[in-house]
Amino acid sequence: MDMVRALSDIGVWARLTVVQMRRVGVDSLPVALFIAAFTGVVLALQASYTFTGAVPLYFVGTLVGKTMMLELGPVLAGLALAGRVGASMAAELGTMKVTEQVDALETLAYDPQSYLVIPRVLAGTLMFPVIVAFAVATGIITGWLTSLVLLDLSTQDFIKGLKLFYVFKDVWFGLLKSASFGFTITFVGCVVGLSTRGGAEGVGRSTTRAVVYSAILILVLDAFWAVVLL
Amino acid sequence: MIEFQDLHKAFDEKQVLQGFSLRIRDAETVVIIGYSGSGKSVALKHIVGLLHPDAGDVIVDGQAVSTLDRDGLTLLRQGIGYVFQFAALFDSLTVADNLALGLRRRGLGEEEIEERVREALALVDLSGTGEQMPAELSGGMRKRVGLARAIALRPRYILYDEPTTGLDPVTSAVIDRLMVRTREHLGVTGVVVTHDMRSAYTVGDRIAMLYEGRVRQVGSVAEIQQTEDPVVRQFIEGRAE
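Protein chains in written order, with the numbering used here: chain A, 272 to 501; chain B, 765 to 1005.
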């Protein structure tokens, strides 16, 4: 409720959101791309191993594309970023809380919701789909390169497989899921961080809690979106 | 004027304030002394609405703080500077930006903000530190920046939470002198929470002792120094028994 009310304080959160978007993007992209790159390799090899002799090899492209877009791109990036972004936000806000910086912010007539929470949550919600889009593209590219080099699959066949059951929903479903993960990770990080008590030990506890809660919620949300939209 | 009216506050089972009443007149500095954990900082936080009383209230300029909504609190806080025990500087901002943050909230132009930041840093003898990060400063310098952040706002009231705790005697004396200088230059009303008696005698017009959740004695510096109340006497003399 406090967060909704603080949305009216646009003069405060708008500029800070841009700063946070840059931070979330720069912090998250290398991790997400690293994970996606290796996931693409493994997907291509496992698909080829599974299909041998029974299914045409160009289905490797189908499996890599569909799996990256619908599931592994958003979920693996989400889980990794729960540890990277969520933990970092919980630790930062937790430290601010126990060192009275949040109180100081209030005495300077700022609402912590509009100064700290809204910029982070908006940045996460807007930037995660962008990060996941890059991750999905990276996974598909490494899957294609693996098929080309290790599986003797031609580029044409890989693309043929990629296009085979492609529907636009694959894209928006993955990106919608990513936005919900971004919201969840940053919101949980902020809420847990701001409820920190008890000095350095409390900050450590909050950081762990933020990662665990975010990971659980990501998996629950993943199932929820699958039930509702697929 | 700030007035604590029969303030009660408990945390879980622990009753911290139990009918704390005290009136702080305009342009005076009142020092609240008391044992660690006696509720001095808790009382101070009620003035700016950081804590909500269980019963009673704090009246600032005729307004009951606990009845103010978010906008009312924002307006109230714009007239009050708060100096935190450990300075509470924002780690990610430079010293100048720490000072400028509250001024930007008040809608001042960048030129005036720069001028006020420069002036406030000069008043605490920290000219030229504006571009430094808080992590680069010593404990005493951080406290002075905390004070400068409050001064830059040109508030009507300044609240000091343990301003000299953890500092060596010389740095404590510097902070005391700055607090006196602030009152003389800006004519602000001050509320100081401390258990440093030397500081209390230096900066206070009046001293109030908080004991078992309420005011045990309040009086001028001379009255407190000559008190016959055994509890107050023991505290100001720092005797174990």
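Glycine included, each C-beta is placed from N, C-alpha and C at the ideal position.
{"Asked": "What residues in the region 380-396 of chain A bring their beta carbon closer than 8 Å to a beta carbon of chain B?", "Found": "Ala380, Tyr381 and Asp382"}
{"Asked": "Against Asp441 (chain A), what residues of chain B qualify as contacts under a CB-to-CB distance less than 7 Å, listed in chain order?", "Found": "Chain B residues near Asp441 (chain A): none, gap ~40 Å exceeds 7 Å."}
{"Asked": "Flag Asp969 (chain B) as yes when its Cβ comes closer than 7 Å to any non-hydrogen atom of the ligand FAD, and as no otherwise.", "Found": "The ligand FAD is not part of this structure, which contains no ligands at all."}
{"Asked": "Measuring only between beta-carbons, confirm whether Tyr921 (chain B) sits less than 8 Å from chain A.", "Found": "no"}
{"Asked": "In the DSSP output, which residue or residues are listed as bridge partners for Met973 (chain B)?", "Found": "B:Ile797 and B:Gln981"}
{"Asked": "Per DSSP, Phe768 (chain B) forms a beta bridge with which residues?", "Found": "B:Leu786 and B:Val822"}
{"Asked": "Just mark Pro327 (chain A) as buried or exposed, buried being the case when its beta carbon has 16 or more other beta carbons within 10 Å.", "Found": "exposed"}
{"Asked": "Let me know the secondary structure DSSP gives Val847 (chain B) once reduced to three states.", "Found": "strand"}
{"Asked": "How about Ala375 (chain A) and Ala481 (chain A): are their beta carbons less than 8 Å apart?", "Found": "no"}
{"Asked": "Counting only beta-carbon atoms, is Glu472 (chain A) nearer than 8 Å to chain B?", "Found": "no"}
{"Asked": "Suppose you measure from the CA of Ala303 (chain A) to the CA of Gly349 (chain A); what does that come to, to the nearest Å?", "Found": "9 Å"}
{"Asked": "May I have a chain-ordered list of the alpha helix (DSSP H) segments no shorter than 4 residues that lie completely inside the region 329-398 of chain A?", "Found": "330-338, 344-352, 358-369 and 372-378"}
{"Asked": "Using the Cα positions of Ala486 (chain A) and Gln291 (chain A), report the straight-line distance between them to the nearest angstrom.", "Found": "21 Å"}
{"Asked": "So does the region 811-825 of chain B actually touch the region 992-1002 of chain B, counting three or more Cβ pairs closer than 8 Å?", "Found": "no"}
{"Asked": "Could you name the residues of chain A that Leu863 (chain B) contacts, counting a contact when the two beta carbons are closer than 9 Å?", "Found": "Those do not exist, as Leu863 (chain B) stays about 10 Å from chain A at its closest Cβ, beyond 9 Å."}
{"Asked": "Apart from the five residues just before and just after Asp428 (chain A), which ones in its own chain have a Cβ nearer than 6 Å to its Cβ?", "Found": "Tyr329"}
{"Asked": "Using a Cβ cut-off of 8 Å (strictly closer), state whether Gly866 (chain B) contacts chain A.", "Found": "yes"}
{"Asked": "Out of A:Leu379, A:Gly282, A:Phe322 and A:Gln384, which one is the CA nearest neighbour of Thr503 (chain A)?", "Found": "Chain A is shown only over 272 to 501; residue 503 (chain A) falls outside these bounds and no answer can be derived."}
{"Asked": "Would Met272 (chain A) be called buried (16 or more neighbouring beta carbons within 10 Å of its own) or exposed?", "Found": "exposed"}
{"Asked": "Cutting at 6 Å between CB atoms, please list the residues of its own chain near Ile988 (chain B), excluding the five before and the five after it.", "Found": "Ile971"}
{"Asked": "Residues of chain A with CB under 8 Å from Ala709 (chain B), in chain order?", "Found": "As shown, chain B starts at 765 and ends at 1005. That puts residue 709 (chain B) outside it, with no answer to give."}
{"Asked": "List the endpoints of the continuous beta strand (DSSP E) containing Thr953 (chain B).", "Found": "Thr953 to Thr958"}
{"Asked": "Contact check, Pro400 (chain A) vs Trp284 (chain A) under 8 Å by CB: the rounded distance?", "Found": "The pair is not a contact, with the Cβ atoms about 20 Å apart (cut-off 8 Å)."}
{"Asked": "Taking C-beta to C-beta, are Val356 (chain A) and Gly410 (chain A) nearer than 8 Å?", "Found": "no"}
{"Asked": "Which residue comes first and which comes last in the alpha helix (DSSP H) that contains Tyr320 (chain A)?", "Found": "Ile281 to Phe322"}
{"Asked": "Tell me, please, whether the CB atom of Thr928 (chain B) is closer than 8 Å to any CB atom in chain A?", "Found": "no"}
{"Asked": "Drop a sphere of 10 angstroms on the beta-carbon of Ile921 (chain B), count the other beta-carbons inside from all chains shown, and report buried for 16 or more, exposed for fewer.", "Found": "Here residue 921 (chain B) is Tyr; the residue named in the question, Ile, does not match the sequence. When all chains shown are included, Tyr921 (chain B) counts as buried."}
{"Asked": "Based on Cα-Cα distance, which residue from B:Gly977, B:Glu1005, B:Glu1001 and B:Met765 lies nearest to Phe784 (chain B)?", "Found": "B:Gly977"}
{"Asked": "Rounded to whole angstroms, what's the CA-CA distance from Lys773 (chain B) to Gln827 (chain B)? Just pull it up for me.", "Found": "19 Å"}
{"Asked": "Hey, is the region 913-932 of chain B in contact with the region 954-971 of chain B, meaning 3+ C-beta pairs nearer than 8 Å?", "Found": "yes"}
{"Asked": "Between the alpha carbons of Leu890 (chain B) and Gly951 (chain B), how many angstroms are there, rounded?", "Found": "21 Å"}
{"Asked": "Select from the region 433-462 of chain A all residues with a C-beta closer than 9 Å to any C-beta belonging to chain B, and list them in chain order.", "Found": "none"}
{"Asked": "Could you name the residues of the region 830-856 of chain B whose beta carbon sits closer than 9 Å to any beta carbon of chain A, in the order they occur along the chain?", "Found": "Arg834, Leu837, Thr838, Leu839, Leu840, Arg841, Gln842, Ile844, Gly845, Tyr846, Phe848, Gln849, Phe850, Ala851, Ala852, Leu853, Phe854, Asp855 and Ser856"}
{"Asked": "Can you give me the Cβ contacts of Ala353 (chain A) inside the same chain, cut-off strictly under 6 Å, excluding the 5 residues immediately before and after it?", "Found": "Ile456, Val482, Ser485 and Ala486"}
{"Asked": "Are the region 843-855 of chain B and the region 905-919 of chain B touching, with three or more C-beta to C-beta distances below 8 Å?", "Found": "yes"}
{"Asked": "Find the nearest neighbour of Phe454 (chain A) within the set A:Gly365, A:Met398 and A:Phe439, judged by alpha-carbon distance.", "Found": "A:Met398"}
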